[in-house]
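Trainee: Read in my numbering, the sequence shown has 156 at position 147, and its numbers run on one by one without any break. In this text, a Cβ means the ideal position worked out from N, Cα and C, and glycines have one as well. Take this structure, written in structure tokens, and hold onto it; I'll ask about it next.
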Amino acid sequence: MGYNISKIRNIIAKVIHGHKADVQVQVIIEFHSIVESTQNIQVKLISNLRGYNQIDKRWVDKYAKMWNIPEDIVNLLKYFTGEKSPYQSNTKDSRRMFLNEFSEINQEKIINFFNNHRNQIISDLLKGNGEFSAQWMLVIQKGEEYHWVLLPINTVIDYYNQGKVHITPRGSLKIGKITMQRKGGDGGRKTSNMLQFKINPAELFEI
């Protein structure tokens, strides 16, 4: 983080819930006078190098308010998550539609929206807003030995922003290196119809 360790007088850490940052660290520095610096850290724990980690999940309407998503695209996303039942019968899943099952025009609408707003979207997903927005990301690989990497959140944003916005062969959306998909699971409860975004945090070990 760039601190002169010999000048640090104390470090206080507290866990944060419900925000992008998971831990807030207060660094107390003694240099002529006492200075207190606060750092917000998002923590990702992984057990293997190929696992994916959820970075955000909400109902489609929540994202619609955050990003001013047009109503026609909101409806398409609800077909994608299963909030709305498929409007055609020949779908791979009777509960929902995959993005590549939409018409080419509707696929282009989705791609264009997320491409045109990708900077805001990726920042909101990884950094968040307000007092407890993340300033750093710490990735820890658990195992016989622990490996970790700590990076400024803007470096993380730049990394996951690489690549185009496109619909995958499996019918999900890639925004750079971020995957957007239906949440699924949850024993079939309604929350399985939420929209979620995922990354592979292990990729940050390669930066």
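1. Lys87 to Asn202, Cα distance in whole Å?
2. If you follow the beta strand (DSSP E) that Trp157 is part of, which residue opens it and which one closes it?
3. Under the rule that 16 or more other beta-carbon atoms within 10 Å means buried, what is Asn138, buried or exposed?
4. Quick check on DSSP: helix, strand or coil for Glu153?
5. Quick check on the burial criterion: 16 or more other C-beta atoms within 10 angstroms. Buried or exposed for Ile184?
6. What does the Cβ neighbour count give for Pro210, buried or exposed, with the cut at 16 atoms within 10 Å?
7. DSSP on Lys29, reduced to helix/strand/coil?
8. Shortest alpha-carbon distance to Glu39 belongs to which of Gly194, Tyr12, Ile120, Gly60?
9. Alpha carbon to alpha carbon, what distance is there between Phe111 and Thr200?
10. Tell me the DSSP bridge mates of Met189?
11. Since Ile176 and Asn109 should fall inside the 8 Å C-beta cutoff, what is the C-beta to C-beta distance between them, to a whole number of angstroms?
12. Ordered along the chain, which non-local residues of its own chain (more than five positions away) have a Cβ less than 7 Å from that of Ser181?
13. Would you list the one or two residues that DSSP bridges to Ile76?
14. Do you know whose CA, among Tyr61, Glu92, Leu85, Ser132, lies nearest Pro161's CA?
15. Less than 8 Å between the C-beta atoms of Leu90 and Arg67, yes or no?
16. Could you name the residues that DSSP lists as bridge partners for Ser42?
17. Using beta carbons (cut-off 8 Å, strictly below), is Gly180 in contact with chain B?
Mentor: This is what the structure gives:
1. Looking at the two C-alpha atoms, the distance is approximately 8 Å.
2. The continuous beta strand (DSSP E) containing Trp157 extends over residues 156 to 161.
3. So Asn138 counts as exposed.
4. Of the three classes helix, strand and coil, the one that applies to Glu153 here is coil, per DSSP.
5. Classification of Ile184: buried, given that the 10 Å Cβ count is 16 or more.
6. Burial state of Pro210 is buried, judged by a 10 Å Cβ sphere holding 16 or more other Cβ atoms.
7. Looking at Lys29 - three-state DSSP - the assignment turns out to be coil, as it is neither helix nor strand.
8. For the residues Gly194, Tyr12, Ile120, Gly60, the minimum Cα distance to Glu39 belongs to Tyr12.
9. Straight-line measurement puts the Cα of Phe111 at about 23 Å from the Cα of Thr200.
10. Its beta-bridge partners are Leu182, Phe206.
11. Right, the Cβ-Cβ distance comes to about 5 Å (below 8 Å), so this counts as a contact.
12. Leaving aside the five residues that flank Ser181 on each side, the residues in its chain whose CB is nearer than 7 Å to its CB run, in chain order, Leu108, Thr188, Met189, Gln190.
13. Rather than Ile, the amino acid found at residue 76 in this sequence is Trp. Per DSSP, none; premise fails for Trp76.
14. Of the candidates Tyr61, Glu92, Leu85, Ser132, the one whose C-alpha sits nearest the C-alpha of Pro161 is Ser132.
15. The question names Leu, but residue 90 is Thr in the sequence shown. Taking 8 Å as the Cβ cut-off, Thr90 and Arg67 do not qualify as a contacting pair.
16. Looking at the DSSP assignment, Ser42 forms a beta bridge with Phe40.
17. No chain B appears in the structure shown, which is made up of a single protein chain.
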